[in-house]
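With my numbering, the residue at position 27 of the sequence shown is 28, and numbering never jumps. From the three backbone atoms N, C-alpha and C, an ideal C-beta is built for every residue, glycine too. Small disclaimer: the values here were computed from a predicted structure and weren't measured. Report on the following structure.
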Amino acid sequence: MNTIKVRKNFLLDKEIVQKAQLILLEQQKNLTETLNLFFKAIVKEPSILESIEKSANKRTGSFIGMLDGKIGDESFKEMKRKYSTHKENE
Numbered sequence: 002m003n004t005i006k007v008r009k010n011f012l013l014d015k016e017i018v019q020k021a022q023l024i025l026l027e028q029q030k031n032l033t034e035t036l037n038l039f040f041k042a043i044v045k046e047p048s049i050l051e052s053i054e055k056s057a058n059k060r061t062g063s064f065i066g067m068l069d070g071k072i073g074d075e076s077f078k079e080m081k082r083k084y085s086t087h088k089e090n091e
């Protein structure tokens with residue numbers, strides 16, 4: 002992963018920043034302005050982080066990516082716990 006070092010321990014993925022920069026230029030925004038808008042949105046609505054994380058982690062371009070969010074949003078640990086309690090009850 003190529004990174005851009007903004008400060009001592011503030012690293013960004015170079016490829017992602019370059020892709021985002023193209024999108025931001027289309028909307029006549031810059032990275033600083035975008036980060037400020039992002040932080041304002043988080044302050045006003047903290048739950049927005051969950052939807053951003055889901056969107057960022059959504060896989061694309063493959064069959065399994067098409068199933069994201071369609072099957073359910075249980076974590077592996079929750080599924081494992083349900084399975085083990087189901088087996089114990091049998």
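Considering only their Cβ atoms, is the gap separating residue j from residue i smaller than 7 angstroms?
i, j, result
"L25", "T35", "yes"
"N3", "K20", "no"
Cα separation between residue i and residue j?
i, j, result
"S52", "H87", "31 angstroms"
"K59", "N90", "35 angstroms"
"K1", "Q29", "Any question about residue 1 goes unanswered here, given that the chain covers just 2 to 91."
"Y84", "K78", "10 angstroms"
"N10", "K81", "36 angstroms"
"K55", "N37", "21 angstroms"
"I5", "Q22", "13 angstroms"
"L13", "V44", "22 angstroms"
"L50", "F39", "10 angstroms"
Which residue from the options puts its Cα closest to that of residue i?
i, options, result
"A57", "K6, I17, K81, M80", "I17"
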